[in-house]
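Okay, so here's the structure we're looking at.
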Amino acid sequence: MSVIEATLKPYSREWLLSEQPTSRHQARLGRAYVIWRRFSANRLALAGLGIIILLILVAIFADVLAPHNPVQGDLRNSRLLPPGSAGYLLGTDDQGRDILSRLIHGSRLTLFVVVLVAIIAAPVGLIIGTVSGYAGGWVDAILMRITDIFLAFPKLVLALALVAALGPGIENAVLAIAVTSWPPYARIARAETMTFRNSEFISAVKLMGASPFRIVLRHVMPLCLSSLIVRVTLDMAGIILTAAGLGFLGLGAQPPLPEWGAMIASGRRFILDQWWVAAMPGAAILIVSLGFNLLGDGLRDALDPKEAGQ
Amino acid sequence: MTLTDTTAVTRRNRRRASSFGMAVARFVVTVVTTFLGLLAVTFFIGRVVPIDPALAIVGDRAPAHVVERVREQLGLNLPLYQQFWIYIKQALTGDFGISVLTTNPVMTDIARVFPATIELATIGTIIGALIGIPLGVLAAVKRGSIADQIVRVIGLIGYSVPIFWLGLLALVLFYAKLGWVAYPGRMDIVYEYTFTPMTGFFLFDAMWQGQWDVAWDLFRHIILPGGLLGYFSLAYISRMTRSFMLNELQQEYVVAARAKGLSETRIIWFHALRNAAVPLVTVIALSYAGLLEGSVLTETIFSWPGLGLYITNSLQNADMNAVLGGTIVIGAVFIAINILSDLLYRTLDPRTRSR
Numbered sequence: 001m002s003v004i005e006a007t008l009k010p011y012s013r014e015w016l017l018s019e020q021p022t023s024r025h026q027a028r029l030g031r032a033y034v035i036w037r038r039f040s041a042n043r044l045a046l047a048g049l050g051i052i053i054l055l056i057l058v059a060i061f062a063d064v065l066a067p068h069n070p071v072q073g074d075l076r077n078s079r080l081l082p083p084g085s086a087g088y089l090l091g092t093d094d095q096g097r098d099i100l101s102r103l104i105h106g107s108r109l110t111l112f113v114v115v116l117v118a119i120i121a122a123p124v125g126l127i128i129g130t131v132s133g134y135a136g137g138w139v140d141a142i143l144m145r146i147t148d149i150f151l152a153f154p155k156l157v158l159a160l161a162l163v164a165a166l167g168p169g170i171e172n173a174v175l176a177i178a179v180t181s182w183p184p185y186a187r188i189a190r191a192e193t194m195t196f197r198n199s200e201f202i203s204a205v206k207l208m209g210a211s212p213f214r215i216v217l218r219h220v221m222p223l224c225l226s227s228l229i230v231r232v233t234l235d236m237a238g239i240i241l242t243a244a245g246l247g248f249l250g251l252g253a254q255p256p257l258p259e260w261g262a263m264i265a266s267g268r269r270f271i272l273d274q275w276w277v278a279a280m281p282g283a284a285i286l287i288v289s290l291g292f293n294l295l296g297d298g299l300r301d302a303l304d305p306k307e308a309g310q
Numbered sequence: 001m002t003l004t005d006t007t008a009v010t011r012r013n014r015r016r017a018s019s020f021g022m023a024v025a026r027f028v029v030t031v032v033t034t035f036l037g038l039l040a041v042t043f044f045i046g047r048v049v050p051i052d053p054a055l056a057i058v059g060d061r062a063p064a065h066v067v068e069r070v071r072e073q074l075g076l077n078l079p080l081y082q083q084f085w086i087y088i089k090q091a092l093t094g095d096f097g098i099s100v101l102t103t104n105p106v107m108t109d110i111a112r113v114f115p116a117t118i119e120l121a122t123i124g125t126i127i128g129a130l131i132g133i134p135l136g137v138l139a140a141v142k143r144g145s146i147a148d149q150i151v152r153v154i155g156l157i158g159y160s161v162p163i164f165w166l167g168l169l170a171l172v173l174f175y176a177k178l179g180w181v182a183y184p185g186r187m188d189i190v191y192e193y194t195f196t197p198m199t200g201f202f203l204f205d206a207m208w209q210g211q212w213d214v215a216w217d218l219f220r221h222i223i224l225p226g227g228l229l230g231y232f233s234l235a236y237i238s239r240m241t242r243s244f245m246l247n248e249l250q251q252e253y254v255v256a257a258r259a260k261g262l263s264e265t266r267i268i269w270f271h272a273l274r275n276a277a278v279p280l281v282t283v284i285a286l287s288y289a290g291l292l293e294g295s296v297l298t299e300t301i302f303s304w305p306g307l308g309l310y311i312t313n314s315l316q317n318a319d320m321n322a323v324l325g326g327t328i329v330i331g332a333v334f335i336a337i338n339i340l341s342d343l344l345y346r347t348l349d350p351r352t353r354s355r
């Protein structure tokens, strides 16, 4: 075998699709490749992925992309201009600010909320679920009772009350949403843990003397990740909508921050004559949460073919 | 039969006899802990999260002895567990304190506004079920067709659209531009004096009293917010109906019915849908609970004088008693519907009963 062949080999399709992977690296890449093939066959899922990538890019390059200042407008010349006016593609609001620029900068706030909620809620759910599922007995009973209690609460109303007590602000909105969104993750992680709690590889690790802590952290949690990621992605749209709802009620990001929900609230006064002030940010919310829903659906179908099409 | 066998049998019988008692006990524990959990969370929000609830009431410029007296009146000098005990007792008797905004007891306010929310959520659920179920069945039967794709897109948009934004746009289109529906609110001001409701469910009252002009006006007011909520429950119901129907249509009894020569319509609407109806009841109940919650934002848009508008108005005026009272009521109804739908599912589905 020549040197060139040996270096080319790891990147060929047969190597990825091999039934007998020779290394952990190869098995992982092969699995990822199969999932990607299934995922990319779904056109709607690809569209969703495209929307989310676009959102991330816009958020990163907001300073470069935004044609105007998002918080300071031209009050004298450009109040409430309709979409398509010179220099203002999506029109301007009552303070003469370019709506497009505000939307572009608002994407950062949307991403901030979504990522932060995921970072707080998903690990909490993962820890509670895996510990509960692996330990069983009383620990399981108590933890699951708490989870069920939180699961039975109305999320939006509870988040409302919590933000009302904490005081309005985007950090408090994130906290309130995170507090109400971890229970489904705990349930999923527990269900996954139960399926392989008594499997042979766990017994093998136990025989080798691994502590329960190590087993849960190194062997149980990684296996729960894929279903958790799917669920978190599917929840992203709901998180965005709740955050926008809080913003709309004046409990989320405070002015002059260009949060999309708050932008709709401020455009509400002009809705009959200057519809675009409220309509544009709502369209942005719709597109982004649609993107997350499509991506989540696609991921679920790709990772779990049994459920596909249901 | 050996000795061990007989003991095993008696043990099994005993377990079977006690399983019903166990189920009831478990059910009671579930209900009680869930409601206690709700109260614990609202207690935490109202008493622990604000740095000093007494200061929140009198303001930070009040003299020290006033603050101290308010603290004593609120019971804030007691240990936390005693405060919680008092809180539970008060909540169970429906005492959520006085609303700062309306100066009425919060419970009186809620009793006044809650029927409007129930009316709205009921109309929404009826619309959602009447349209959502046929759409879901259609999508399942014609799986992969254009009809299926359209139903899927309708559902996806329902999941992704901000309800308050759609409400605003609908208001612009159907009220301002087309003039098909009435302005935000529950009824025309003209009728406020001529119409005396009996139950708080105005639409029902008006029809019962035969006041058809009032009923028509009420209908023109409720159709837009009700239709909007209906769309959201439709998105959920049609998706779940499709999934249940796909599951049923794969069963062997469908093949048997086809082999018997039954018409496809009969198989779908009488045999398959009847079996799918059992989990659907749960779905509809859950979507009803969801609408009660979703009404918070919808009522704000449509100035609908229900619990949602009451909560948001109180929020804007920092009236925490009213906010938490409303949260407890919505939470309690939400939990009750959850539990009831679970019970209903068990009684309707014989398979879950035998287990």
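Heads up: the sequence lines are chains A and B, in that order.
Reading the first sequence from the start, the letters are residues 1 to 310 in UniProt numbering.
Reading the second sequence from the start, the letters are residues 1 to 355 in UniProt numbering.
Glycine is no exception: its CB is placed at the ideal position from the N, C-alpha and C atoms.
Along chain B, in chain order, which residues have C-beta atoms closer than 9 Å to that of residue i?
i: V232 (chain A); result: Residues of chain B passing the Cβ test: none, with the nearest at roughly 16 Å.
i: I271 (chain A); result: L168, L169, L171, V172, A176
i: A244 (chain A); result: P162, F164, W165
What's the call for residue i, buried or exposed, on a 16-neighbour Cβ count within 10 Å?
i: Q231 (chain B); result: Reading off the sequence shown, one finds Tyr at residue 231 (chain B), where the question assumed Gln. Looking at its Cβ environment, which holds 16 or more other Cβ atoms inside 10 Å, Y231 (chain B) is buried.
i: H105 (chain A); result: buried
i: L3 (chain B); result: In this prediction, L3 (chain B) has a pLDDT of 47, which is less than 50 and means its spatial position is unreliable; nothing more can be read from the coordinates.
i: residue 311 (chain A); result: Here chain A covers residues 1 to 310 and nothing more, so residue 311 (chain A) does not appear.
i: P225 (chain B); result: buried
i: R31 (chain A); result: exposed
i: R26 (chain B); result: exposed
i: Q316 (chain B); result: exposed
i: D273 (chain A); result: exposed
i: A27 (chain A); result: exposed
i: I150 (chain B); result: exposed
i: V64 (chain A); result: exposed
For residue i, which three-state DSSP category applies?
i: T92 (chain A); result: strand
i: I98 (chain B); result: strand
i: T85 (chain A); result: Per the sequence shown, residue 85 (chain A) should be read as Ser rather than Thr. Looking at S85 (chain A) - three-state DSSP - the assignment turns out to be strand.
i: D109 (chain B); result: helix
i: D60 (chain B); result: coil
i: D188 (chain B); result: coil
i: D74 (chain A); result: coil
i: residue 314 (chain A); result: Residue coverage of chain A in this structure runs from 1 to 310, which leaves residue 314 (chain A) outside it and unanswerable.
i: Y183 (chain B); result: coil
i: residue 314 (chain A); result: An answer regarding residue 314 (chain A) cannot be provided, because it is not within the stretch 1 to 310 covered by chain A.
i: E19 (chain A); result: coil
i: P123 (chain A); result: helix
i: V151 (chain B); result: helix
i: W275 (chain A); result: coil
i: G227 (chain B); result: helix
i: R274 (chain B); result: helix
i: F195 (chain B); result: coil
i: R143 (chain B); result: coil
Identify the contact partners of residue i in chain A, using a Cβ-Cβ distance below 8 Å as the criterion.
i: E293 (chain B); result: P154, K155, L156, V157
i: T42 (chain B); result: A161
i: N338 (chain B); result: A152
Would you please state the rounded distance, in angstroms, between the beta carbons of residue i and residue j? I believe it to be under 8 Å.
i: V121 (chain B); j: L292 (chain B); result: In the sequence as displayed, the identity of residue 121 (chain B) is Ala instead of Val. At roughly 5 Å, the Cβ-Cβ gap stays under 8 Å, so A121 (chain B) and L292 (chain B) are in contact.
i: L38 (chain B); j: I328 (chain B); result: 7 Å
i: V216 (chain A); j: L303 (chain A); result: Not confirmed; about 22 Å, so no contact.
i: G308 (chain B); j: T298 (chain B); result: 7 Å
i: I271 (chain A); j: A186 (chain A); result: Actually they do not touch by this definition, with Cβ atoms about 41 Å apart.
i: L246 (chain A); j: G252 (chain A); result: 4 Å
i: T130 (chain A); j: P183 (chain A); result: Going by Cβ atoms, the distance from T130 (chain A) to P183 (chain A) rounds to 14 Å, so no, they are not a contact pair.
i: P281 (chain A); j: V71 (chain A); result: Not a contact, Cβ separation roughly 15 Å.
i: A278 (chain A); j: G267 (chain A); result: 3 Å
Identify the contact partners of residue i in chain A, using a Cβ-Cβ distance below 7 Å as the criterion.
i: T312 (chain B); result: L249
i: T327 (chain B); result: V157, L158, A161
i: L38 (chain B); result: F153
I want to verify the contact list: residues of chain A whose CB lies under 9 Å from the CB of residue i, in sequence order.
i: M334 (chain B); result: It should be noted that the sequence gives Phe, not Met, for residue 334 (chain B). Neighbours of F334 (chain B) on chain A, chain order: A152, F153, P154, V157.
i: M320 (chain B); result: A161, A164, A165
i: V32 (chain B); result: Neighbours of V32 (chain B) on chain A: none; closest Cβ ~11 Å, over 9 Å.
Taking C-beta pairs closer than 7 Å, name the residues in chain B that residue i reaches, listed in chain order.
i: R282 (chain A); result: Note that residue 282 (chain A) corresponds to Gly in the displayed sequence, not to Arg. Neighbours of G282 (chain A) on chain B, chain order: P162, W165.
Any C-beta of chain A within less than 8 Å: which residues of the stretch 156-182 of chain B qualify?
Interface annotation for the stretch 156-182 of chain B against chain A: L156, I157, Y159, S160, V161, P162, I163, F164, W165, L166, L168, L169, L171, V172, A176, criterion Cβ-Cβ distance under 8 Å.
If you measure beta-carbon to beta-carbon, which residues of the stretch 70-86 of chain A are closer than 9 Å to chain B?
Cβ contacts with chain B come from no residue of the stretch 70-86 of chain A.
If you measure beta-carbon to beta-carbon, which residues of the stretch 120-153 of chain A are closer than 9 Å to chain B?
Here the close residues are R145, I146, D148, I149, F150, L151, A152, F153.
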